[in-house]
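2 protein chains.
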Amino acid sequence: MSRLSATIDDVARVAGVHRSTVSRALNPQTQVKLSPETTRRVQQAARKLGYVPNAVARGLRTNESMSVGVVIPDILNPIFPPIISGIDSILRPAGYTALVTDIQGGQNAYEAALASLRQRRVDGLILATAHLDDGESFHRLHEQGVRAVLVNRAAASSPFPLVHGDDTGGMRAALDHLATLGHVRIAHLHGPEGLSTTEGRRAAFDEWSRQHPEVTVTASYCGPLTAEGGQEIMDALLDASTEAQSRPTAVVTGNDLMALGALRSLRVRGLHCPEDMSIVGFNDMPFADEFSPPLTTVRVPLRQLGVESARLLVQQLHGEGSGAMELTFPVTLMVRGSTAPPRG
Amino acid sequence: MSRLSATIDDVARVAGVHRSTVSRALNPQTQVKLSPETTRRVQQAARKLGYVPNAVARGLRTNESMSVGVVIPDILNPIFPPIISGIDSILRPAGYTALVTDIQGGQNAYEAALASLRQRRVDGLILATAHLDDGESFHRLHEQGVRAVLVNRAAASSPFPLVHGDDTGGMRAALDHLATLGHVRIAHLHGPEGLSTTEGRRAAFDEWSRQHPEVTVTASYCGPLTAEGGQEIMDALLDASTEAQSRPTAVVTGNDLMALGALRSLRVRGLHCPEDMSIVGFNDMPFADEFSPPLTTVRVPLRQLGVESARLLVQQLHGEGSGAMELTFPVTLMVRGSTAPPRG
DNA sequence: CTGTTAGCGCATTCAA
DNA sequence: TTGAATGCGCTAACAG
């Protein structure tokens, strides 16, 4: 930033003390060991020179960068700002800077992001990426001494703490709601296979349907977790069942963006939600209640997910290590305008 | 991250060369000066040891952190993810890491964020914060050799490049649209005073109204740039004009979140948009077209703002310095469902 | 309570 | 083409 900023030696010279004394005077931890008079003189000199401690040099010496890598799959997905905000609200007061890394493009970008963060010697990692197949890589990271927390995702057997919403309970609540309304043909429009959220929600869907033989699970479609993906697979679903008789009357989508796309698909075809099709989303992303119609969806406490994941990581970094564990937050079905009894 | 990672000396030992040779072999710039055989041996040793270069140590030596501070007022405002995404798409390929800092709480947090970023020795700054009164502080930063770009904001006299949308043109387009529809009583629900976007848009509003004496500008309300703020000041506006006769029939809001709040205010009172009140937002934030009704708003090319600001900063960092300059992007009025001719 | 000494890991200048 | 020496700015032993 400024090439010409004063160093600790400059301050020492002005204050007439040794650099180590300056270091002590400027560090709250060690400050107590100095005479108040010296402390005062040093701080005055520092202010006079506009001294800004060099965190890079300190990091090299202490082997702590006081930074944390936060890896997310897509910053344009509105569920992440609340999560990031929650993370930041814990990290910042604890003295850590979050290095938020959006990996947009998938696995390659993920590897690159990890490499970049390791070069920067982040003290820990908060991973919100959802690829299920990196369970093995987690163990490798763990063996290398990496501190990490996984958020908004599950994992087969994770050596790191897990923080996520109760996907199973959420899916059950959604399906119970639809069944109570009288729906007997329900589809699940889920996200890409291999994502932990996809698999977890789909497993819950399958389990529920086994327990409710009176309800026909007509189909399960798969697409990207975006509005475009949701629109495409709702199109496909509508195309597949030409006779309205056999068509599902309700769907649960993999997330709210997909639900949004499904709404668009209906609109384009002149169909109406909830009259022609009930839709339940997942997450309760910001503004889901402003859609037309307001989206019935499973609310996940996103900000809280962020807060707790950061808290767990800071604990690890402080050596109050909580190793493998799972923190599951209850979710709430928000019943709004996109669900209603089936027509007829 | 991993406490026990190999150093350049470890690699040197395994490869049977000196550390400086390792440094050269691993740096594309200096690699040419080595024999291919040596380069190969070093790289092989590095791979074998799982060597990860230490960016902290390099930063101390080179006085470059290869990081850039990105300061934003509120990550929960949906206009920022696209901007951040645009920034990242330039910074990352150029080798820089974005340190995104959300200052939520205003001026104190802003100062703290700047201090933190300076300690980390970021190479440059992208500022999306909008306080108008820090024009002076910009000059101070500039004199200290700080490299920076201001995005999504104007400034009285900035020593740094400015990248923003054409607020004046956007406001004019919005008002022309409303006038064409037949509105003759229009209000501007703007954001907090002292924000550059507030002042710019308000000035354009005032100028337009001077040129259109046939249109009554009944009032100008001020509140925070949030949905809650928008709802409050729409409430106030409706309370103030009890007789529907004198009430404005259309409003332009400071941003889309305020427009959203205004919509809620109407809904709570049993009024309808656009029948009882036309609303024009500003920015075209993600999902503004999904509101009920879909929001007529001024589209600002948010992602592009991010891209260009990052490009300008990287130029500065490469010494291809473009100093003070202003990059104004054209905006587009997106006419959707929230505007219509006034009733009667 | 304060000074001395040492070295974190790397890039770079100067020799050879 | 490679090796040797130096120091970026800081904190942490260890003395005194």
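Chains as they are written, first to last, in my numbering: chain A, 365 to 708; chain B, 365 to 708. Glycine residues also receive a C-beta, built at the ideal position from the N, C-alpha and C atoms. Computed from a predicted model, the values in this text were never measured in an experiment.
When the Cα atoms are used, what is the spatial distance from residue i to residue j?
i, j, result
"residue 367 of chain B", "residue 562 of chain A", "For residue 367 of chain B, the pLDDT reaches just 46, beneath the cut-off of 50, and the residue's location in the model is therefore unreliable, although a value from the coordinates is still provided. So the alpha carbons of these two residues sit roughly 35 Å apart."
"residue 647 of chain A", "residue 687 of chain A", "27 Å"
"residue 365 of chain A", "residue 500 of chain B", "For residue 365 of chain A, the predicted model reports a pLDDT of 45, less than 50, meaning its position is unreliable and no value from the coordinates is stated."
"residue 630 of chain B", "residue 615 of chain A", "31 Å"
"residue 691 of chain B", "residue 419 of chain B", "34 Å"
"residue 693 of chain B", "residue 586 of chain B", "26 Å"
"residue 628 of chain B", "residue 374 of chain A", "58 Å"
"residue 601 of chain A", "residue 572 of chain A", "21 Å"
"residue 389 of chain A", "residue 371 of chain A", "14 Å"
"residue 480 of chain B", "residue 486 of chain A", "16 Å"
"residue 537 of chain A", "residue 682 of chain A", "38 Å"
"residue 671 of chain B", "residue 378 of chain A", "44 Å"
"residue 401 of chain A", "residue 482 of chain B", "28 Å"
"residue 685 of chain A", "residue 488 of chain A", "13 Å"
"residue 396 of chain B", "residue 409 of chain B", "19 Å"
"residue 545 of chain B", "residue 655 of chain B", "21 Å"
"residue 611 of chain A", "residue 569 of chain A", "18 Å"
"residue 411 of chain A", "residue 471 of chain B", "20 Å"
"residue 707 of chain B", "residue 640 of chain B", "7 Å"
"residue 426 of chain B", "residue 393 of chain B", "14 Å"
"residue 716 of chain A", "residue 582 of chain A", "No statement about residue 716 of chain A is possible, as the shown extent of chain A runs from 365 to 708 and does not include it."
"residue 514 of chain B", "residue 417 of chain B", "33 Å"
"residue 474 of chain A", "residue 442 of chain A", "20 Å"
"residue 523 of chain A", "residue 679 of chain A", "15 Å"
"residue 579 of chain A", "residue 564 of chain B", "58 Å"
"residue 784 of chain A", "residue 457 of chain A", "Residue 784 of chain A lies beyond the range of chain A shown here (365 to 708); nothing can be said about it."
"residue 423 of chain A", "residue 430 of chain A", "8 Å"
List the residues of chain A whose Cβ lies closer than 8 Å to the Cβ of residue i, in chain order.
i, result
"residue 485 of chain B", "365, 418, 419 and 420"
"residue 446 of chain B", "440"
"residue 429 of chain B", "420"
"residue 501 of chain B", "The premise fails here: residue 501 of chain B is roughly 14 Å from chain A at the closest Cβ pair, so nothing lies under 8 Å."
"residue 673 of chain B", "The contacting residues do not exist; residue 673 of chain B stays about 16 Å from chain A at best."
List, in chain order, every chain B residue whose beta-carbon is nearer than 8 Å to that of residue i.
i, result
"residue 371 of chain A", "Chain B residues near residue 371 of chain A: none, gap ~12 Å exceeds 8 Å."
"residue 624 of chain A", "651 and 654"
"residue 648 of chain A", "Within 8 Å Cβ-Cβ: nothing; residue 648 of chain A doesn't reach chain B, min ~14 Å."
Compare the beta carbon distance of residue i and residue j with 8 Å and say whether it is the shorter of the two.
i, j, result
"residue 701 of chain B", "residue 650 of chain B", "no"
"residue 703 of chain A", "residue 643 of chain A", "yes"
"residue 529 of chain A", "residue 674 of chain A", "no"
"residue 447 of chain A", "residue 391 of chain A", "no"
"residue 621 of chain A", "residue 511 of chain A", "no"
"residue 624 of chain B", "residue 594 of chain B", "yes"
"residue 667 of chain B", "residue 698 of chain B", "no"
"residue 484 of chain B", "residue 461 of chain A", "yes"
"residue 555 of chain A", "residue 589 of chain A", "yes"
"residue 519 of chain A", "residue 560 of chain A", "yes"
Name the chain B residues whose beta carbon is nearer than 9 Å to that of residue i?
i, result
"residue 461 of chain A", "463, 465, 480, 481 and 484"
Determine the chain A residues that contact residue i at a beta-carbon separation under 9 Å, and present them in chain order.
i, result
"residue 455 of chain B", "Per Cβ cutoff of 9 Å: no residues; residue 455 of chain B is ~11 Å from chain A at best."
Identify the contact partners of residue i in chain B, using a Cβ-Cβ distance below 7 Å as the criterion.
i, result
"residue 651 of chain A", "651"
"residue 424 of chain A", "420, 421 and 424"
"residue 522 of chain A", "Chain B residues near residue 522 of chain A: none, gap ~17 Å exceeds 7 Å."
In chain A, which residues lie with their C-beta within 7 Å of the C-beta of residue i?
i, result
"residue 686 of chain B", "Neighbours of residue 686 of chain B on chain A: none; closest Cβ ~18 Å, over 7 Å."
"residue 452 of chain B", "466"
query: Does the stretch 475-493 of chain A touch the stretch 427-445 of chain A, meaning 3 or more C-beta pairs lie closer than 8 Å?
result: yes
- prompt: Along the chain, which unbroken stretches of the beta strand (DSSP E) at least 3 residues long are found entirely within the stretch 665-698 of chain B?
  reply: 690-693 and 696-698
Length-filtered (4 minimum) alpha helix (DSSP H) runs lying within the stretch 469-525 of chain A: 471-483 and 499-507
- prompt: Taking only runs of the alpha helix (DSSP H) that begin and end inside the stretch 370-398 of chain A, which ones reach a length of at least 4 residues, in chain order?
  reply: 372-379 and 383-390
message: Report the start-end ranges of each alpha helix (DSSP H) in the stretch 548-600 of chain A that is 4 residues or longer and not cut off at the edges.
response: 560-575
- request: Counting only runs of 3+ residues fully inside the stretch 417-444 of chain A, write out the beta strand (DSSP E) ranges in chain order.
  value: 431-436
query: Does the count of Cβ pairs from the stretch 549-556 of chain A and the stretch 564-582 of chain A closer than 8 Å reach three?
result: yes
- prompt: Enumerated in chain order, which unbroken segments of the beta strand (DSSP E) with a length of 3 residues or greater are wholly contained in the stretch 613-651 of chain A?
  reply: 614-617 and 642-647
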